[in-house]
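Numbering (the numbering used here), first residue to last: 17 to 569. Glycine residues also receive a C-beta, built at the ideal position from the N, C-alpha and C atoms. Since the structure comes first, as C-alpha cells, the remarks are kept for the end.
The structure is reproduced here in C-alpha cells:
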C-alpha cells in the first residue's frame, strides 16, 4: 500500500460495472475512507478507530445501484480534520502536479485519484472546504452540495450538523450525473432534508459578488489568476459586485475558534477519550479543544453565527452568485510541516463559512499558473442553487480551454444541466418545421445535442409551405407571404448554446436560419427557405404542416 503516492487507504471493494442502461454505467469511483463500504474497514485515517461496517453508506449504495463500479477507498486528513492532505498516518498525499506541494484536504486521496485519471469520480466529504480545496489545487471539479441533499448516513461525522458528502470529478457534467443519482431524502440521516431546488438558470447578465477584502498571503500568481477569472466571468455575461466579506470571515472563524469546535470532539468523543494517544497532531489538539467549552458557550456561538447569517443575507439582495478563490495560495509539504496550523488556516480562507451559513458551492478549475500549479475558483449560492452553479461552472470551465486534471486529456463537449429550465442564457429557441420534427428522420440531430422540445404550436397565419424537390430525406421550405397565408404546424426546440454551431453546420442550402412568427406573436429563430428554390416546389400549404403531408406519401 502506497497511500502517499496513490492516495489509497484500502482496496478490495471492487464491484462489477452496471448494466448499459444504468445512468452511471461504465464509471469507476473511489470513496473517502470515512464513508462506509460493507466488508471493508472504515479507518478515517486512524488505524485504532477502524471498524468493518456490515452495510454500505446510503450514498455508496445509490451509486452502485446506478451502475457505477467502486474501485476502492482513499486516504484523508485524519477524522477529516484538515485542508492539506498531510495529516494521515498512512502518509501525505502529494499534489498531482508537483509532489513537493500539498494536495489539499481532507479529501486528499479522492482528489488525487480523480486528477490522475485512476477513477472517473470520487466521493469526499466537506465540512470546512474539504471537498473544494483539493479540487482547486488539483485542476478538478469539487461539487459541495446543499446541506442534506446527499445522505450522510454511514459517514463518520466531523461536525455532523454541517457535514456534506462532496463529489470530485474532472468535469462538471460528470459531477452533475453523480449528484442526480446520489441525492434524495434519507430519514436515517438526522440532517437530511427535502430541498426545493432552483430550476431557472441564472440571468444572462448575472451579478456575481467578489469580496471587497481579498487576501492572498503574498501569492501574486494566485491574485493575478483570480483577477483573470473575474474578467472571464464578465465575458460570460457577469457583472462583478464588491461585497463586504467581514461577516463571512467572522462566521468562518467560529468553526475552530469558538465553542462550535465542540461538535468535532462530540463526533468521536468516546473513542477519543479512551484512545487519545492514537490520534496524531495537530488533530489531537483540535479535538481536545472541544472539551474546554460548556453548553452555554455553544449556544452563544450558535446565536452569533445566526446573527452573522442575517448580516450576510443582505448580500444576496444584490448578487446572484458569490465568487471566491478556492484557495488563496499553494503550500509545500515542507512549509506545512513547519507551521501546520497557520498554513492550513490560509488554505481555508474562503471556505469555512459556506456550510455554517447553509450555502451550496462548486469549485471549478480556472487556470494553470506560470509556475505550473493549478488555480481554481469557487462559485457559491444559496441553498438549493446547485443546478444553477453547475450550469455557470460548466460554462466557465469549458471557456478556459484547460485539460482534465493532471491527465492532459481535452475536455469533452459540455452537457446541459437537465434539471434546469432553458433560458436565453443557456439555450437558443429554434422553430422546426420539417424533417427535424419529433419522430421524423432528422430529429436526432437535435436530441443528440441535448435539445429539448419546448412547445408544439403553429406559425402566425402568414406562411406557405412547399415540398422541395430532390431533397434527401424529403424537406419542406417555409416562406412568409404578404397575402393568402396560413398557419403551419411547427415545434419549438431549446438547443444548448454550445451545440448551436455544430447543428447549423448540418443545415443545407436552400434552407437557412431566419426568424419565424408564431401563433402567439412571438418571433423565434427558425428554418426558412431561399425564394429561388420554391419555383419548382410543390405548394403543400393546404395540409397544414409537413407531418400531415408526409403521411400521404
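Boundaries of the beta strand (DSSP E) in which residue i is found, first to last residue
i, result
"residue 379", "375 to 384"
"residue 472", "468 to 474"
"residue 541", "539 to 545"
"residue 509", "505 to 512"
"residue 443", "443 to 448"
"residue 572", "As displayed, the chain neither begins before 17 nor continues past 569, which places residue 572 out of reach and without an answer."
"residue 157", "157 to 160"
Helix, strand or coil at residue i [DSSP, three-state]
i, result
"residue 482", "strand"
"residue 228", "coil"
"residue 489", "coil"
"residue 115", "coil"
"residue 566", "helix"
"residue 203", "coil"
"residue 258", "strand"
"residue 44", "strand"
"residue 18", "With a pLDDT of 45 at residue 18, under the threshold of 50, the modelled position of that residue is not reliable, and the figure given next carries that caveat. Reduced to three states, the DSSP call for residue 18 is coil."
"residue 464", "coil"
"residue 457", "coil"
"residue 176", "coil"
"residue 333", "helix"
Through-space distance from residue j to residue i, alpha-carbon basis
i, j, result
"residue 251", "residue 433", "21 Å"
"residue 389", "residue 195", "28 Å"
"residue 333", "residue 326", "12 Å"
"residue 202", "residue 208", "6 Å"
"residue 53", "residue 104", "20 Å"
"residue 31", "residue 529", "Residue placement at residue 31 cannot be trusted, given a pLDDT of 45 that sits under 50; what the coordinates show is reported in the next sentence. Going from the Cα of residue 31 to the Cα of residue 529 covers about 49 Å."
"residue 431", "residue 246", "23 Å"
"residue 258", "residue 248", "16 Å"
"residue 41", "residue 75", "16 Å"
"residue 553", "residue 483", "6 Å"
"residue 197", "residue 166", "9 Å"
"residue 147", "residue 255", "27 Å"
"residue 170", "residue 177", "15 Å"
"residue 357", "residue 66", "26 Å"
"residue 497", "residue 479", "6 Å"
Option nearest residue i by Cα separation, candidates the options
i, options, result
"residue 348", "331, 563, 362 and 423", "362"
"residue 11", "323, 381, 285 and 94", "An answer regarding residue 11 cannot be provided, because it is not within the stretch 17 to 569 covered by the chain."
"residue 379", "368, 405, 105 and 387", "405"
"residue 184", "164, 204, 214 and 153", "153"
"residue 354", "102, 81 and 64", "102"
"residue 487", "369, 111, 526 and 260", "526"
"residue 45", "83, 419 and 271", "83"
"residue 565", "520, 276, 493 and 237", "493"
"residue 133", "441, 541, 423 and 471", "423"
"residue 428", "275, 419 and 373", "419"
"residue 520", "461, 556 and 546", "461"
"residue 288", "468, 39 and 63", "63"
Where residue i falls, given that 16 or more other Cβ within 10 Å makes a residue buried
i, result
"residue 509", "buried"
"residue 403", "buried"
"residue 450", "buried"
"residue 307", "exposed"
"residue 463", "exposed"
"residue 181", "buried"
"residue 531", "exposed"
"residue 324", "buried"
"residue 514", "buried"
"residue 94", "buried"
"residue 543", "buried"
"residue 369", "buried"
"residue 539", "exposed"
"residue 243", "exposed"
"residue 68", "exposed"
"residue 225", "buried"
"residue 319", "exposed"
"residue 113", "buried"
"residue 489", "exposed"
"residue 315", "exposed"
Delimiting residues of the alpha helix (DSSP H) encompassing residue i
i, result
"residue 125", "124 to 131"
"residue 251", "236 to 251"
"residue 319", "311 to 329"
"residue 390", "No alpha helix (DSSP H) contains residue 390, which is instead part of the beta strand (DSSP E) from 390 to 398."
"residue 356", "356 to 363"
"residue 304", "299 to 305"
"residue 151", "149 to 153"
"residue 190", "188 to 198"
"residue 402", "402 to 416"
"residue 137", "From DSSP, residue 137 is part of no alpha helix (DSSP H) but of the beta strand (DSSP E) over 137 to 142."
"residue 372", "369 to 372"
Cβ-heavy atom distance, residue i to the ligand ADP, below 8 Å
i, result
"residue 380", "For the structure depicted, the ligand ADP is absent and the ligand set is empty, with no information on it obtainable."
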